[in-house]
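Before any comments, here is the structure.
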Amino acid sequence: MNKSELIDVVAEAAGLDRSDASKATEALLDGIVDALSKGDQVALSGFGTFSVRARAARAGRNPQTGETIQIKASNSPGFKAGKAFKDAVN
Numbered sequence: 036m037n038k039s040e041l042i043d044v045v046a047e048a049a050g051l052d053r054s055d056a057s058k059a060t061e062a063l064l065d066g067i068v069d070a071l072s073k074g075d076q077v078a079l080s081g082f083g084t085f086s087v088r089a090r091a092a093r094a095g096r097n098p099q100t101g102e103t104i105q106i107k108a109s110n111s112p113g114f115k116a117g118k119a120f121k122d123a124v125n
């Protein structure tokens with residue numbers, strides 16, 4: 036499922052037209068991104084938790100040359116599925 040298909044599902048489930056469903060979906064995604072960019076986490080009961088995970092600096096290898104390179108520390112978004120979500124998938 037891509038973003039356009041998700042918008043169609045939201046529109047049908049909520050009884051909205053596609054334009055309003057698109058705005059609602061965009062607002063949800065923007066809210067999650069904004070919260071994570073501030074270092075907060077977003078917990079949705081029954082679905083899961085979005086959080087920021089710190090990645091330590093590490094040594095890597097350039098696959099073309101085999102040369103060892105230093106990869107700097109960074110933050111990356113993470114997601115941990117909730118129990119209800121895991122149960123629905125299994």
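Under our numbering, the first residue of the sequence shown carries the number 36, and numbering increases by one thereafter.
Note that the Cβ used here is the ideal one computed from N, Cα and C, for glycine as well.
A straight line joining the alpha-carbon of Ser109 with that of Gly74 spans about 13 Å. When only Cα atoms are considered, Val68 and Arg93 end up about 26 Å apart. Counting every other CB atom within 10 Å of its CB across the protein chains shown gives Ile42 a total of 16 or more, marking it as buried.
Straight through space, the alpha carbons of Lys58 and Ala89 are spaced by roughly 31 Å.
Taken in chain order, the whole alpha helix (DSSP H) runs of length 4 or more contained in the segment 94-125 are 118-124.
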